[in-house]
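See structure below.
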Amino acid sequence: MTDATAVDAENRDTAVSALDSMCDHIRQLLGAVISDAGVVRGEIVVRTGISDVIAVLSSLRDDRHAAFNQLSDLTAVDYPERPNRFEMVYQLLSMRNNMRLRILVAVGEGQAVPSATTVYSAANWAEREAWDMFGIFFAGHPDLRRLLTDYGFEGHPLRKDFPLTGHVEVRYDDTQRRVVNEPVSLVQEFRDFDFLSPWEGMQAQIPGDEKANGEG
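Residue numbers (the working numbering): 628 to 843.
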């Protein structure tokens with residue numbers, strides 16, 4: 628083992644030990660308000676419920692040892708087969724400790740999630756995107772409007788049951804000279820195009836350049 632390899636191994640062991648220590652601290656800090664906490668692929672993963680998520684976020688931000696004072700991302704995943712089909716994902720970062728932490732919250736269809744904007748202002752647009760894409764309502768959000776789709780858009784595109792073709796077609800009408808919304812009308816909803824060309828494999832040759840290929 629070279630000196631560099633030994634140093635890398637020592638640093639890796641130190642990082643793993645620090646993660647385990649932080650995970651133990653978080654279990655003691657949060658106690659019964661979390662259902663699970665562990666280290667997964669170099670990140671701490673915590674599970675909690677809807678009613679406790681704001682308390683968990685606040686504690687992780689305000690605790691001087693944890694110091695997870697940055698919300699780097701907030702999104703959701705759709706699992707239609709689960710009783711609570713959505714899973715909220717909060718990604719926190721502790722700059723002081725150089726650690727990342729993920730909070731997972733199961734959310735049922737139609738359940739409201741308390742807005743994290745009261746703890747992290749960065750949650751504002753992220754929650755708007757989750758509302759737009761998944762239809763998850765965030766109670767107490769200061770301005771919960773669609774963020775990525777157009778006004779009057781029907782449905783939520785990142786739900787697994789959202790049709791690939793969508794519900795409405797948006798196009799510019801030359802006659803009316805404006806953008807119009809129309810129901811999607813396709814003769815074939817799903818089409819399989821074969822893009823193989825009969826000319827595939829042929830090489831372009833400049834006329835008069837036969838000598839380049841050893842001809843003539």
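Backbone N, C-alpha and C define an ideal beta-carbon position, used for all residues, glycine too.
Computed from a predicted model, the values in this text were never measured in an experiment.
Excluding the 5 residues flanking residue i on each side, which residues of the same chain have their C-beta closer than 6 Å to its C-beta?
| i | result |
| --- | --- |
| Asp663 | Arg674 |
| Tyr747 | Leu698 |
| Asn696 | Arg688 |
| Tyr717 | Leu701 and Ile730 |
In this structure, how does DSSP classify residue i when only helix, strand and coil are distinguished?
| i | result |
| --- | --- |
| Leu720 | strand |
| Val795 | strand |
| Asp655 | The identity of residue 655 in the sequence shown is Gln, whereas the question assumes Asp. Reduced to three states, the DSSP call for Gln655 is helix. |
| Thr641 | helix |
| Leu698 | strand |
| Asp801 | coil |
| Val673 | strand |
| Asp788 | coil |
| Ala693 | coil |
| Ser812 | coil |
| Asp647 | helix |
| Asp705 | strand |
| Asp777 | coil |
Can you list, in chain order, the residues of its chain whose CB lies under 7 Å from that of residue i, leaving out five sequence neighbours each side?
| i | result |
| --- | --- |
| Leu774 | Trp752, Arg755, Glu756 and Asp759 |
| Ala642 | none |
| Ala733 | Asn711 and Glu714 |
So, are the CB atoms of residue i and residue j less than 9 Å apart?
| i | j | result |
| --- | --- | --- |
| Ser721 | Ala703 | no |
| Val672 | Leu731 | yes |
| Asp800 | Val807 | yes |
| His768 | Thr802 | no |
| Asp679 | Ile661 | yes |
| Leu684 | Leu656 | no |
| Pro784 | Thr792 | no |
| Gly856 | Phe789 | Outside the shown range of the chain, which is 628 to 843, sits residue 856, and nothing can be said about it. |
| Gly669 | Arg727 | yes |
| Phe761 | Arg798 | no |
Please go through the same chain and pick out, in chain order, the residues whose beta-carbon is closer than 8 Å to the beta-carbon of residue i, but skip the five residues on each side of it.
| i | result |
| --- | --- |
| Val634 | Any answer about Val634 is weak, because its pLDDT of 47 lies below 50 and its placement is not dependable; what the coordinates show is given next. Correct list: empty, nothing qualifies. |
| Ser644 | none |
| Arg654 | Ile661 and Ala664 |
| Ala750 | Leu698, Leu701, Ser742, Ala743 and Thr744 |
| Ile681 | Pro741, Ala743, Thr745 and Val746 |
| Cys650 | Ala664, Gly665, Val666 and Ile671 |
| Arg805 | Tyr799 |
Between residue i and the ligand ADP, is the CB less than 8 Å from at least one heavy atom?
| i | result |
| --- | --- |
| Ala642 | Absence of the ligand ADP from the depicted structure is noted, as is the absence of any ligand whatsoever, leaving it without description. |
**Asked** How about the segment 704-716 and the segment 732-744: do they share at least three Cβ pairs that are nearer than 8 Å?
**Response** yes
**Asked** What are the uninterrupted segments assigned as alpha helix (DSSP H) that are 4 or more residues long and contained completely in the segment 719-775, given in chain order?
**Response** 750-761
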